[in-house]
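Each residue of the sequence shown is one higher than the one before, starting from 55 at the first, in my numbering.
Have a look at the structure below before the remarks.
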Amino acid sequence: MTNDKIDELKTQATELGNDLKHKAKEAQLQGEKAVDDLKHSAEELKLKGEKALDDLKKDVSEQSSETKDAFSSKVDEAKAKLEDTQHSIQEKFDHLKEEASHKLDDAKAKAAELKDEAAAKFDDLKAQASHKLDDLKKAATDTINKFKG
């Protein structure tokens, strides 16, 4: 029965370790998903910017030389906005990357903490089992000695 408890504790410790691994992997996947989503958004914004630029070029080619000057100004504005947008996206990307890193670090720390707790509980239960086994051995020895004596 004592071995069963020890085996059960080992199983529980293993399950805790597996759960922690899964949680850490899930946090990593969530971080990677956030990064992928941000990259996708950046690509969409880049495509929209390129489309707007292409639309502007088409309009300018159909208009007079006076309009070309206005177009040049709009192109410069679009470029500035695109640069601003790219900078903003990069900042958001860096921020999400940092958050994902912190969450992964937190998950790793929690996993290590839970592992330590499980190991401590296992050691405690092992000590209790050993103590009870010693008590049983003593009781058996006392019983045998009573029958002999």
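Built from N, CA and C at the ideal position, the CB exists for glycine as well.
On a predicted model such as this, the values are computed, not experimentally measured, just so you know.
Three-way DSSP call (helix, strand, coil) for residue i in this model
i   : result
G71 : helix
G19 : The question about residue 19 has no answer here: the residues shown for the chain are numbered 55 through 203.
Euclidean distance between Cα positions of residue i and residue j
i    : j    : result
E98  : T68  : 45 Å
E62  : Q84  : 33 Å
I60  : V89  : 43 Å
L168 : D178 : 15 Å
A81  : F176 : 27 Å
S155 : L110 : 41 Å
K79  : I143 : 26 Å
L158 : K93  : 20 Å
T139 : E145 : 10 Å
A194 : Q66  : 31 Å
K164 : G103 : 43 Å
L70  : A172 : 7 Å
L190 : T197 : 10 Å
N57  : D188 : 14 Å
Below-8 Å beta-carbon distance, residue i vs any chain C residue
i    : result
D123 : Included in the structure is just one protein chain, with no chain C present.
For this session: Please specify which runs of the alpha helix (DSSP H), each continuous and at least 4 residues long, are wholly inside the segment 126-185, giving them in chain order.
Result: The alpha helix (DSSP H) runs of length 4 or more contained entirely in the segment 126-185 do not exist; there are none.
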